[in-house]
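Here's the structure, in structure tokens; my notes come after.
Dropping the structure here:
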């Protein structure tokens with residue numbers, strides 16, 4: 236009998252989010268999950284405003300990056316559950332497999348039981364942009380900033396993505412500029428996606 240494919244890779248970000256979420260009071264964690272679940276289908280809106288996220292930092296004594304990581308991980312868990320049209324017991328096993336405590340597993344299960352059908356339906360209604368990646372180009376830049384008579388070198392990367400649409404022969408050029416931390420965060424997320432694809436290919 237084939238082993239169950241794990242939906243989630245144990246990246247550093249996910250491990251930390253699991254650890255932090257496990258330490259949050261169950262009732263407060265449940266409210267976080269409910270809020271994220273009820274707003275997950277809104278593509279251009281965050282579950283919490285910037286001001287609300289600042290309050291979460293104070294309430295949980297966490298950095299803004301940790302709070303953002305927790306919220307991103309909750310969203311990712313629910314998105315994966317929607318993608319797999321998860322049954323409750325399957326979701327429980329998946330969450331336990333990445334280290335969530337039994338109490339937090341049940342928080343997720345409760346939220347999924349009450350909101351799962353709605354989330355799955357909303358995802359089915361989404362119209363995904365049928366664009367494909369055609370080209371990738373990049374260049375490195377080194378800017379010099381002066382502060383207190385001291386010159387500081389500020390490196391950044393400019394990445395150009397060429398996107399193709401099925402109804403057009405022209406390539407759409409999209410430019411992004413990243414500093415070191417932003418590029419590392421992007422790499423970490425792409426690594427997570429790659430591991431998910433590898434896991435599906437092994438199934």
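Numbering (the working numbering), first residue to last: 236 to 438.
Heads up, the beta-carbon is just placed ideally off N, CA and C, and yes, glycines get one too.
Predicted, not measured: the structure shown is a model, and the values here were computed from it.
Secondary structure of residue i, DSSP reduced to three states
i: residue 362; result: Legend: pLDDT at residue 362 = 49, less than 50; position of this residue unreliable, no value from coordinates given.
i: residue 241; result: coil
i: residue 388; result: strand
i: residue 249; result: helix
i: residue 257; result: helix
i: residue 432; result: helix
Burial state of residue i, where buried means 16 or more other Cβ atoms lie within 10 Å
i: residue 308; result: buried
i: residue 274; result: exposed
i: residue 354; result: buried
i: residue 410; result: exposed
i: residue 348; result: exposed
i: residue 373; result: exposed
i: residue 375; result: exposed
i: residue 304; result: buried
Which listed residue (the options) has its alpha carbon closest to that of residue i
i: residue 332; options: 253, 261, 314 and 415; result: 253
i: residue 289; options: 243, 259 and 298; result: 298
i: residue 263; options: 357, 324 and 343; result: 343
i: residue 272; options: 261, 258, 310 and 360; result: 310
i: residue 356; options: 314, 270 and 266; result: 314
i: residue 256; options: 392, 246 and 267; result: 267
i: residue 377; options: 393, 341, 334 and 281; result: 393
i: residue 351; options: 418, 305, 318 and 329; result: 318
i: residue 425; options: 269, 240 and 248; result: 248
i: residue 389; options: 414, 367 and 405; result: 414
Sheet register partners of residue i (DSSP bridge)
i: residue 419; result: DSSP, once it has assigned bridges, lists no residue as partnering residue 419.
i: residue 406; result: 399
i: residue 283; result: According to DSSP, residue 283 bridges with nothing at all.
i: residue 413; result: 392
Inset, instruction - Please go through the segment 299-386 and give each complete beta strand (DSSP E) segment of 3 or more residues, from N-terminal end onward. - result: The qualifying runs are 367-382.
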